[in-house]
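Beneath this line is the structure, given in structure tokens, with notes to follow.
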Amino acid sequence: MSDVQLDRVDEAALSLAGPGDYIALLKPRVMSLVVFTALTGLVLAPGGIHPVIGLAALICIAVGAGASGALNMWYDADIDRVMRRTSGRPIPAGRVTEGEALAFGLTLAAFSVGVLSVLVNPVAGGLLAFTIFFYVVIYTMWLKRWTPQNIVIGGAAGAFPPVVAWASVTGGVSLESIVLFLIIFMWTPPHFWALALFKSDDYARAGVPMLPVVSGLAETRRQILIYSVLLAPIGVLPAVLGFASLAYGVAAGMLGLVFVGMAVRVFRMSDADTAMVPAKRLFAFSIFYLFMLFAMLLVERLAMLAGLAW
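Using the UniProt record's numbering, the first residue of the sequence shown is number 1, and each one after it goes up by one.
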């Protein structure tokens with residue numbers, strides 16, 4: 001038996017994966033955000049969609065996001081082994097082999113894109129395929145390891161799900177779906193850079209060129225403030241463009257001001273502040289902020305469909 005064959009036998013023998021490990025490969029926290037934003041895009045899109053087809057679209061988008069997560073973990077196994085935050089993932093922990101994760105991710109990717117293209121429409125299927133490609137190839141394989149702007153450009157992958165869902169209903173892309181994309185796209189840098197501020201040692205150890213590692217804490221805090229200021233008015237755009245109510249606009253504006261205020265506190269932090277409480281608070285609030293914007297859009301639309309007045 002050749003060395004290559006022996007390696008394959010050893011790899012198979014070491015696989016101790018259980019169902020929970022394969023679920024972990026899907027990055028369920030990320031998947032839940034993808035499903036929620038996609039559901040909002042699906043409900044907001046004009047024209048409506050049959051509930052069964054809509055459910056199929058959501059499942060395909062969720063599975064596509066899970067495929068992206070599995071392929072990301074496959075490629076980033078070397079980084080995950082070094083970082084404390086990710087060392088317990090199935091591959092670095094030795095419960096799932098890299099080959100299994102690759103096969104799992106590719107199978108889910110092919111399934112999600114194929115089913116969405118056939119059962120819903122080819123435009124949605126094509127957008128989902130591009131989303132998976134962008135996250136795995138453009139972000140994971142290229143941007144993440146080569147530029148501190150990885151999160152800025154790579155954030156597009158996380159912003160596509162509502163666009164895919166919108167296309168599932170309408171067969172195309174519109175200004176409204178682009179606004180949903182922009183909200184998530186502009187939200188991503190301050191959200192992840194806040195995390196990177198108090199995890200910079202972890203990224204440095206793994207050799208990932210996150211902004212705090214390459215440009216320092218002060219520049220990262222400045223960029224967080226800049227993107228937060230840009231995000232706040234974008235969050236109000238649904239009301240300005242008429243596909244959300246004035247009540248949404250007021251609430252989104254207030255949330256945006258809070259976001260900017262917290263970013264100002266991060267900006268004023270000292271490099272000597274090892275606790276980094278303002279950064280941790282901004283990171284937590286950013287999740288709440290995005291959830292609230294999409295929840296308000298979703299509830300308003302469902303109320304309108306149900307014939308309730310606002």
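For every residue, glycine included, the Cβ atom is placed at its ideal position computed from N, Cα and C.
Here the structure is a predicted model, which means the values were calculated and not measured.
Using a Cβ distance threshold of 9 Å, Ile226 and Leu282 do not count as a contacting pair. Leu297 is positioned such that its CB atom lies closer than 9 Å to that of Pro238. From the listed residues Leu116, Pro190, Gly171 and Thr131, the smallest Cα separation to Ile151 is found for Pro190.
Annotated as proximal: Ala165 and Ala124, with beta-carbon spacing under 9 Å. Rounded to the nearest angstrom, the gap between the Cα atoms of Val52 and Leu39 is 13 Å. In this chain, the alpha helix (DSSP H) harbouring Tyr248 covers Leu246 to Phe267. If only uninterrupted alpha helix (DSSP H) runs of at least 4 residues are considered, those enclosed by the stretch 89-148 are 98-115 and 122-133.
Where Leu293 is concerned, the enclosing alpha helix (DSSP H) starts and stops at Val277 to Leu305.
In this structure, Ala279 sits near Leu197, with a CB-CB distance shorter than 9 Å.
Note on Thr188: 16 or more other CB atoms within 10 angstroms of its CB, so buried under the neighbour-count rule. For Phe181, the enclosing alpha helix (DSSP H) starts and ends at Leu175 to Phe198.
Separation of Phe291 and Leu33 (C-alpha to C-alpha, rounded to the nearest whole angstrom) is 8 Å. Secondary structure of Ala167 (DSSP, three-state): helix. For the pair Ala218 and Asp201, the Cα-to-Cα distance works out to about 15 Å. Contact between the stretch 256-270 and the stretch 299-309 is absent, with fewer than three C-beta pairs closer than 8 Å.
In this model, Lys199 and Trp142 are separated by some 21 Å (Cα to Cα).
In this structure, Arg81 keeps its C-beta atom at 9 Å or more from the C-beta atom of Asp21. With contacts defined by Cβ atoms closer than 9 Å, Ala67 and Ile23 do not form a contacting pair. Contact between Val35 and Leu58 holds: their C-beta atoms lie close to 6 Å from each other, under 8 Å. The beta carbons of Ala65 and Val43 sit about 18 Å from each other, so the pair does not count as a contact at 8 Å. A straight line joining the alpha-carbon of Ala157 with that of Val63 spans about 14 Å. Counting C-beta atoms within 10 angstroms of its own C-beta, Ala306 has fewer than 16 neighbours from the protein chains shown and is therefore classed as exposed. Counting other Cβ atoms within 10 Å of its Cβ, Gly69 reaches 16 or more and is therefore classed as buried. Closest in C-alpha terms to Leu211, from the list Thr220, Arg205 and Ala204, comes Thr220.
For Leu231 against Met186, the beta-carbon gap comes to about 4 Å, under 8 Å, which counts as contact. Across the set Gly18, Ile49, Leu293 and Leu25, the C-alpha of Ile49 shows the shortest separation from the C-alpha of Val169.
By the CB criterion at 9 Å, Val266 and Ala194 fall inside the cutoff.
Restricting attention to Ser270, Met269 and Gly261, the CA atom closest to the CA of Ser286 is found in Gly261. As the crow flies, the alpha-carbon of Gly54 is around 22 Å from that of Ala244. Going by C-alpha positions, Pro122 is about 13 Å away from Cys60. Taking C-beta separations shorter than 7 Å and ignoring five residues to either side along the sequence, the partners of Gly105 in its chain run Ala67, Ala70, Leu71 and Trp74, following chain order.
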